[in-house]
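5 is the number of the first residue of the sequence shown in the numbering used here; add one for each residue after it.
The C-beta atom is built at its ideal place from N, Cα and C for all residues, glycine as well.
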Amino acid sequence: MNDKPVPTEPDLIDCKLCFKEIPESVAITEEGEDYVMHFCGLECYSAWKEKNKNAAGND
Ligand SMILES: [Zn+2]
5 MNDKPVPTEP DLIDCKLCFK EIPESVAITE EGEDYVMHFC GLECYSAWKE
55 KNKNAAGND
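Next up, the structure:
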């Protein structure tokens, strides 16, 4: 047999905020009109949201 078993590696993406590499399957994804961003967890997601909420409503 020539074929090595190829483990299906998850696609790694960078957290938008801390740049940690994480599998896309566990990332939190934020989709905009023409962008997609990924976050390693709610912590980064919330922090990013905080920084970028100037565009959306002022609570
Ligand atoms: Zn992160």
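Using DSSP bridges, identify the partner residues of residue i.
i, result
"Val40", "Glu35"
"Asp18", "Glu25"
Tell me which residues share the same chain as residue i and place their Cβ nearer than 7 Å to its Cβ, disregarding the 5 neighbours each side in the sequence.
i, result
"Leu21", "Phe43, Cys48, Ala51 and Trp52"
Within a Cβ cutoff of 6 Å, which residues of the same chain sit near residue i, ignoring the five residues on either side of it in sequence?
i, result
"Glu34", "Met41"
"Lys24", "Cys44"
Roughly how many angstroms lie between the CA atoms of residue i and residue j, to the nearest whole one?
i, j, result
"Asn6", "Glu13", "20 Å"
"Leu46", "Ile32", "7 Å"
"Asn56", "Val10", "40 Å"
So, for residue i: in the same chain, excluding its five sequence neighbours on each side, which residues have a beta-carbon less than 8 Å away from its beta-carbon?
i, result
"Glu28", "Pro14, Asp15, Leu16, Ile17 and His42"
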